Amino acid sequence: MSRDLAASFFARPTPEVARLLLGKVLVSAVGDAVVAGTIVETEAYLGVDDPGSHAATKGITARNRVMYGPPGRAYVYFTYGNHHMLNLVTEAEGTAGAVLVRAVEPVEGVEVMTARRHGRAGHELTNGPGKVAEAFGVTLAHNGLPLGRELRVLDAPPVADTAVGTSGRVGLASGHELPLRFYIAGNGYVSKGRTGPKPPKRRKESA
DNA sequence: GTTCCGATTTTCT
DNA sequence: GAAAATCGGAACA
Numbered sequence: 003m004s005r006d007l008a009a010s011f012f013a014r015p016t017p018e019v020a021r022l023l024l025g026k027v028l029v030s031a032v033g034d035a036v037v038a039g040t041i042v043e044t045e046a047y048l049g050v051d052d053p054g055s056h057a058a059t060k061g062i063t064a065r066n067r068v069m070y071g072p073p074g075r076a077y078v079y080f081t082y083g084n085h086h087m088l089n090l091v092t093e094a095e096g097t098a099g100a101v102l103v104r105a106v107e108p109v110e111g112v113e114v115m116t117a118r119r120h121g122r123a124g125h126e127l128t129n130g131p132g133k134v135a136e137a138f139g140v141t142l143a144h145n146g147l148p149l150g151r152e153l154r155v156l157d158a159p160p161v162a163d164t165a166v167g168t169s170g171r172v173g174l175a176s177g178h179e180l181p182l183r184f185y186i187a188g189n190g191y192v193s194k195g196r197t198g199p200k201p202p203k204r205r206k207e208s209a
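Residue numbers (the numbering used here): 3 to 209.
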């Protein structure tokens with residue numbers, strides 16, 4: 003049987019945690035429903051030195067302080083007025099770092115996810131950070147919550163190196179060039195970030 | 001099929 | 001007041 007990952011699992015370099023999290027099982031027991039899914043896509047967010055991270059510019063703020071806290075906790079962020087994003091805090095306390103769970107493959111509670119996702123099905127259930135949070139019932143109320151209760155991550159066999167792909171991160175205002183995104187190649191639940199292998203779309207950009 | 005645009009809340013300057 | 005680690009729907013080809 004799988005058991006919960008120890009906090010020490012998260013107490014290491016963030017990119018390493020991001021890669022090791024692939025294949026692990028995310029479990030949420032929010033309300034009366036239990037849902038679970040295999041993590042198939044992650045992104046690493048460092049502290050300083052990472053222009054795309056909330057912890058980059060000005061040290062600890064009310065929003066990002068969870069990233070500086072102890073590892074093995076949830077960091078939930080709300081953005082664009084509609085979407086939550088679920089992260090897992092990494093690095094030792096005092097050092098900023100978190101891994102964004104971008105996509106999951108459902109393994110349990112599919113009906114609940116479908117209901118929360120307003121009828122969406124298949125890969126549309128969880129192939130994006132906002133979707134994962136919604137399907138798993140994650141909200142700002144879970145920000146800073148230690149793993150092991152409502153939110154858990156179970157250990158699982160590691161994913162082979164040959165099955166792991168990396169790329170630049172998606173949707174960032176800056177810092178998207180760093181290869182800090184990890185995913186299981188060929189998995190249908192991995193978000194494509196954008197449709198097909200086209201360059202970033204750059205709207206609202208004119209000469 | 002692909003591409004563009006708007007929604008709507010929290011956080012920070 | 002402005003921007004944001006996104007999503008879904010509408011428009012066009």
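Where is the CB? At the ideal position from N, CA and C, for every residue including glycine. Everything numeric in this text was worked out from a predicted model, so none of it was measured.
Taking C-alpha atoms, which residue in 191, 21 and 94 lies nearest to residue 105?
Taking the first sequence and counting its residues from 1, one reaches residue 105 at position 103. It is 191.
Label residue 2 either buried or exposed according to how many other C-beta atoms from any shown protein chain fall within 10 Å of its C-beta, with 16 as the threshold for buried.
Because the chain here runs from 3 to 209, residue 2 falls outside it and cannot be looked at.
Are the stretch 93-100 and the stretch 14-32 touching by the rule of at least three beta carbon pairs closer than 8 Å?
yes
Quick one: residues in its chain with C-beta nearer than 7 Å to the C-beta of residue 161, no 5 flanking neighbours on either side, listed in chain order?
Locating residue 161 in the first sequence gives position 159, counting from the first residue. 24, 25 and 186, listed in sequence order.
Excluding the 5 residues preceding and the 5 following residue 209 in the sequence, name in chain order all residues of the same chain whose CB lies nearer than 6 Å to its CB.
As a working mapping, residue 209 is identified with position 207 in the first sequence. With a pLDDT of 39 at residue 209, under the threshold of 50, the modelled position of this residue cannot be trusted, and the question is left open.
Looking only at its chain, what residues have a beta carbon closer than 6 Å to the beta carbon of residue 32, apart from the 5 residues adjacent to it on each side?
The sequence position of residue 32 within the first sequence is 30, counting from 1. Hits under 6 Å: 139 and 152.
Could you spell out the range, first to last residue, of the beta strand (DSSP E) harbouring residue 166?
For the purposes of this step, residue 166 is taken as residue 164 along the first sequence, with counting starting at 1. Note, residue 166: beta strand (DSSP E), 166-169.
Whole angstroms is fine: what's the gap from residue 146's alpha carbon to residue 76's?
The residue you call residue 146 lines up with position 144 of the first sequence. The residue you call residue 76 lines up with position 74 of the first sequence. Rounded to whole angstroms, residue 146 to residue 76 spans 5 Å at the Cα level.
What first and last residue would you give for the beta strand (DSSP E) that runs through residue 9?
Against the first sequence, residue 9 aligns to sequence position 7. Bounds of any beta strand (DSSP E) do not take in residue 9; it lies within the alpha helix (DSSP H) bounded by 9-12.
How is residue 79 classed by DSSP in three states: helix, strand or coil?
For the purposes of this step, residue 79 is taken as residue 77 along the first sequence, with counting starting at 1. Here residue 79 sits in strand by DSSP.
Quick check on DSSP: helix, strand or coil for residue 127?
Taking the first sequence and counting its residues from 1, one reaches residue 127 at position 125. Secondary structure of residue 127 (DSSP, three-state): helix.
My understanding is that residue 37 touches residue 83, with C-beta atoms under 8 Å, so please give their C-beta distance in whole angstroms.
Numbered from its first residue, the first sequence carries residue 37 at position 35. Numbered from its first residue, the first sequence carries residue 83 at position 81. Actually they are not in contact, since the Cβ atoms of residue 37 and residue 83 sit about 24 Å apart, beyond 8 Å.
With a Cβ-Cβ cutoff of 7 Å, do residue 174 and residue 54 count as a contact?
Walking along the first sequence from the start, residue 174 turns up at place 172. Walking along the first sequence from the start, residue 54 turns up at place 52. Contact: yes.
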